[in-house]
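Accompanying notes for the structure given below.
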Amino acid sequence: MSAEKARKIFDAGCDAVKPHRFMPRFIRRSGNVFWLGQQVYDRGDFGQVYMLSMGKASVAMALELQALMGDLITAGVVVTKYGHLVPGLQWPVIEAGHPVPDANSVQAGEAVKSMLSKVGGKDLLIVLVSGGASSLVADIPPNGNLQVLQRLFLELLHSGASIEEMNTVRKHFSGMKGGQLARLAFPARIHQFVLSDVPGDDLSVIASGPFYADSTSFEDCRRVLQKYDLEAQLQSPLKRWLEAGLQQMIPDTPKPGDPVFDNIFHHLVATNAVAMEAAALEAAALGYEVKMVGKPLSGECRDTAVDLLREIIKTTHHRPTCYIAGGETTVTIQQGSNGKGGRNQEFVLSALQFLLSEEKAGKLAQWPVVLSGGTDGSDGVTDAAGAVFDEAMVGRIKSLQLDLKRFLDRHDAWHFFDAAGGLIHTGPTQTNVMDLVVVLVHSSR
Numbered sequence: 013m014s015a016e017k018a019r020k021i022f023d024a025g026c027d028a029v030k031p032h033r034f035m036p037r038f039i040r041r042s043g044n045v046f047w048l049g050q051q052v053y054d055r056g057d058f059g060q061v062y063m064l065s066m067g068k069a070s071v072a073m074a075l076e077l078q079a080l081m082g083d084l085i086t087a088g089v090v091v092t093k094y095g096h097l098v099p100g101l102q103w104p105v106i107e108a109g110h111p112v113p114d115a116n117s118v119q120a121g122e123a124v125k126s127m128l129s130k131v132g133g134k135d136l137l138i139v140l141v142s143g144g145a146s147s148l149v150a151d152i153p154p155n156g157n158l159q160v161l162q163r164l165f166l167e168l169l170h171s172g173a174s175i176e177e178m179n180t181v182r183k184h185f186s187g188m189k190g191g192q193l194a195r196l197a198f199p200a201r202i203h204q205f206v207l208s209d210v211p212g213d214d215l216s217v218i219a220s221g222p223f224y225a226d227s228t229s230f231e232d233c234r235r236v237l238q239k240y241d242l243e244a245q246l247q248s249p250l251k252r253w254l255e256a257g258l259q260q261m262i263p264d265t266p267k268p269g270d271p272v273f274d275n276i277f278h279h280l281v282a283t284n285a286v287a288m289e290a291a292a293l294e295a296a297a298l299g300y301e302v303k304m305v306g307k308p309l310s311g312e313c314r315d316t317a318v319d320l321l322r323e324i325i326k327t328t329h330h331r332p333t334c335y336i337a338g339g340e341t342t343v344t345i346q347q348g349s350n351g352k353g354g355r356n357q358e359f360v361l362s363a364l365q366f367l368l369s370e371e372k373a374g375k376l377a378q379w380p381v382v383l384s385g386g387t388d389g390s391d392g393v394t395d396a397a398g399a400v401f402d403e404a405m406v407g408r409i410k411s412l413q414l415d416l417k418r419f420l421d422r423h424d425a426w427h428f429f430d431a432a433g434g435l436i437h438t439g440p441t442q443t444n445v446m447d448l449v450v451v452l453v454h455s456s457r
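So the sequence shown is numbered by the working numbering: it starts at 13 and just counts up by one.
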């Protein structure tokens with residue numbers, strides 16, 4: 013049993029949710045007639061046809077749309093993360109910062125608003141959304157500046173808040189997120205095609221739901237800030253904006269039932285579940301009995317890793333078995349930590365620490381293979397998608413006598429696996445459906 017087999021299973025999951033796999037299922041064309049989901053249109057039905065693609069998979073999604081109906085589209089804007097650009101697009105591409113917005117993110121926000129301001133009631137807007145757009149397309153709160161926005165994003169990322177909680181805050185310090193781009197494009201007809209990177213595939217959370225009704229409020233935003241002790245740290249422009257929202261001096265995000273959403277059609281095109289199913293098929297082809305972990309992974313990364321591995325190693329296995337899980341954990345960064353890593357690398361390092369302690373206590377009958385990787389190809393702010401170890405690597409790790417606890421305390425999993433081996437490098441995958449975890453175990457016989 014080896015890390016290579018786990019990697020094959022992970023790669024199969026990622027490949028299944030790449031845009032060339034799913035886009036043709038939702039968009040078709042015959043001459044000037046085209047299908048968007050179940051809706052059929054003729055190009056003559058519309059004055060202009062615009063496209064907006066934003067997120068880590070935006071370039072690949074836009075390339076597929078271009079191949080399917082590019083000559084029918086009037087104009088478009090594409091926004092992606094640095095390093096995710098591939099050639100061939102007929103529309104301008106803006107590369108921007110992630111997970112913290114930068115000046116290009118603000119430029120992207122201006123470009124998006126500029127294009128949407130031209131969209132009229134007789135026009136069609138095709139929107140392609142994938143995870144990462146919350147940071148890649150940004151606007152600065154009134155009387156604020158980029159540094160104020162960056163500090164807010166960093167504090168949220170380090171707080172341990174869930175993606176739902178982070179985006180609740182992001183929506184309420186923006187004039188674009190939380191359905192507010194729908195306001196700007198109203199009353200045009202809009203078709204939004206969404207690649208999900210959040211647990212539960214909630215369209216109001218993915219990319220902070222720029223074209224979807226928002227059920228959260230300024231009061232919810234305040235509760236999240238208070239929960240993670242961030243309200244007192246807000247800089248003055250954000251404090252004033254929040255207070256104005258709480259006092260209803262400024263409009264909240266548009267809610268369910270708002271007429272701005274009457275002419276919008278949403279299509280969920282690929283999810284973590286699709287990736288898990290493809291990974292399961294590959295594992296079965298490699299000879300494993302497959303067990304799907306039904307509950308999406310969430311919560312503090314270290315605790316989730318230990319809970320999963322504890323359940324697996326206490327189970328009797330009658331044949332080689334592959335466990336497949338998906339989801340997105342969180343990492344609470346302790347003040348003063350200066351390590352390098354991401355939730356997937358920390359997940360694997362936490363699993364390794366737990367299993368070493370179980371072995372020392374005589375409770376580990378066999379070493380499993382453990383892999384965790386981000387389907388987008390990037391884990392945290394590192395060049396790795398995640399990490400993996402097998403029994404051979406564990407032997408190497410023991411010989412190096414690395415202080416595993418020290419690496420974990422510093423959130424420094426990248427340097428640990430860089431020294432010990434096990435980093436997974438995929439480069440940008442042009443997809444993004446959260447994380448996949450693969451655990452392989454021998455037969456207990």
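Heads up, the beta-carbon is just placed ideally off N, CA and C, and yes, glycines get one too.
(1) Which residue marks the beginning of the alpha helix (DSSP H) containing Phe-428, and which one marks its end?
(2) Do His-423 and Ser-369 count as a contact pair if the criterion is CB distance below 9 Å?
(3) Which residues share a DSSP beta bridge with Glu-205?
(4) Rounded to whole angstroms, what is the Cα-Cα separation between Leu-448 and Lys-307?
(5) Taking the beta strand (DSSP E) that Asp-447 falls in, what are its first and last residues?
(6) For Met-261, count neighbouring C-beta atoms within 10 Å of its own C-beta (all shown protein chains included) and say buried if the count is 16 or more, exposed if not.
(7) In the DSSP assignment, what residue or residues form a beta bridge with Val-91?
(8) Could you have a look at Asp-23 and say whether DSSP puts it in helix, strand or coil?
(9) Are the stretch 407-418 and the stretch 336-353 in contact at 8 Å, needing three or more beta carbon pairs?
(10) Rounded to whole angstroms, what is the Cα-Cα separation between Ala-292 and Arg-33?
(11) Less than 9 Å between the C-beta atoms of Ala-219 and Val-236, yes or no?
(12) Please check the pair Gly-133 and Ala-194, which I expect to be a contact at CB under 8 Å, by giving their CB distance rounded to whole angstroms.
(13) At what residue ranges does the stretch 272-333 contain a whole run of the alpha helix (DSSP H), taking only runs of 4 or more?
(14) Looking at the strands, I want to know which residues DSSP matches up with Tyr-335.
(15) Sort His-96, Ala-72 and Trp-103 by Cα distance to Val-83 and report the nearest one.
(16) Restricting to runs no shorter than 4 residues, where is the alpha helix (DSSP H) found entirely within the stretch 350-386?
(17) Quick one: Cα of Gly-49 to Cα of Phe-185, how far?
(18) Between which two residues does the alpha helix (DSSP H) carrying Arg-182 extend?
(19) Candidates Gly-212, Cys-233, Ile-202 and Val-141: which alpha carbon is nearest Gly-183's?
(20) If we count the other Cβ atoms within 10 Å of its Cβ and call it buried at 16 or more, is Pro-263 buried or exposed?
(21) State yes or no: is the C-beta of Lys-17 within less than 9 Å of the C-beta of Leu-367?
(22) How far does the alpha helix (DSSP H) with Arg-422 in it extend, from its first residue to its last?
(23) How about Val-302 and Leu-320: do their beta carbons lie closer than 9 Å?
In terms of the structure at hand:
(1) On the sequence shown, position 416 is the one that residue 428 refers to. Looking at the DSSP string, the run of the alpha helix (DSSP H) that includes Phe-428 is 425-432.
(2) The residue labelled residue 369 in the question sits at position 357 within the sequence shown. The residue labelled residue 423 in the question sits at position 411 within the sequence shown. Not a contact, by the Cβ cut-off of 9 Å.
(3) Here residue 205 corresponds to residue number 193 of the sequence shown, with the count starting at 1. Reading off the sequence shown, one finds Phe at residue 205, where the question assumed Glu. Phe-205 is bridged to Leu-140 and His-279.
(4) For the purposes of this step, residue 448 is identified with residue 436 of the sequence shown, where counting begins at 1. For the purposes of this step, residue 307 is identified with residue 295 of the sequence shown, where counting begins at 1. Using only the alpha carbons, I get a separation of about 13 Å.
(5) As a first step, residue 447 is located in the sequence shown; it is residue number 435 there, counting from the start. Taken as a continuous stretch (DSSP letters only), the beta strand (DSSP E) holding Asp-447 covers 447-453.
(6) Taking the first residue of the sequence shown as 1, we reach residue 261 at position 249. Per the 10 Å Cβ criterion, exposed.
(7) By 1-based counting over the sequence shown, the position of residue 91 is 79. For Val-91, which the question treats as bridged, DSSP gives the partners Met-66 and Ile-106.
(8) Numbered from its first residue, the sequence shown carries residue 23 at position 11. Helix.
(9) No, because fewer than three Cβ pairs between the stretch 407-418 and the stretch 336-353 fall closer than 8 Å, the two stretches do not touch.
(10) Translated into positions along the sequence shown, residue 292 becomes position 280. Translated into positions along the sequence shown, residue 33 becomes position 21. Approximately 17 Å between the Cα atoms of the pair.
(11) Within the sequence shown, residue 219 is the residue found at index 207, counting from 1. Within the sequence shown, residue 236 is the residue found at index 224, counting from 1. Going by C-beta atoms, Ala-219 is not nearer than 9 Å to Val-236.
(12) Against the sequence shown, residue 133 aligns to sequence position 121. Against the sequence shown, residue 194 aligns to sequence position 182. The Cβ separation is near 14 Å, so there is no contact.
(13) Counting whole runs of 4 or more residues, the stretch 272-333 contains the alpha helix (DSSP H) stretches 284-297 and 313-325.
(14) Your numbering for residue 335 matches position 323 in the sequence shown. Listed as beta-bridge partners of Tyr-335 by DSSP are Lys-303 and Val-451.
(15) Taking the first residue of the sequence shown as position 1, residue 83 is located at position 71. Just to set this straight, residue 83 is Asp in the shown sequence, not Val. The option with the nearest alpha carbon to Asp-83 is Trp-103.
(16) 355-372
(17) Within the sequence shown, numbered from 1, the residue matching residue 49 stands at position 37. Within the sequence shown, numbered from 1, the residue matching residue 185 stands at position 173. Cα to Cα, Gly-49 sits roughly 33 Å from Phe-185.
(18) Here residue 182 refers to the residue found at position 170 when the sequence shown is read from its first residue. It spans 175-183 - the alpha helix (DSSP H) in which Arg-182 sits, taken as one unbroken run.
(19) In the sequence shown, counting from the first residue as 1, residue 183 sits at position 171. Reading the sequence as shown, one finds Lys at residue 183 and not Gly. Closest by alpha carbon: Cys-233.
(20) Residue mapping note: residue 263 aligns to position 251 of the sequence shown, counting from 1. Looking at its Cβ environment, which holds fewer than 16 other Cβ atoms inside 10 Å, Pro-263 is exposed.
(21) Here residue 17 corresponds to residue number 5 of the sequence shown, with the count starting at 1. Here residue 367 corresponds to residue number 355 of the sequence shown, with the count starting at 1. Result no, Cβ atoms of Lys-17 and Leu-367 do not sit closer than 9 Å.
(22) Here the question's residue 422 lines up with position 410 in the sequence shown. Counting along the chain, Arg-422 falls outside any alpha helix (DSSP H), and DSSP gives it neither H nor E.
(23) Within the sequence shown, the letter at position 290 stands for residue 302. Within the sequence shown, the letter at position 308 stands for residue 320. Cβ distance not < 9 Å, so Val-302 and Leu-320 don't count as in contact.
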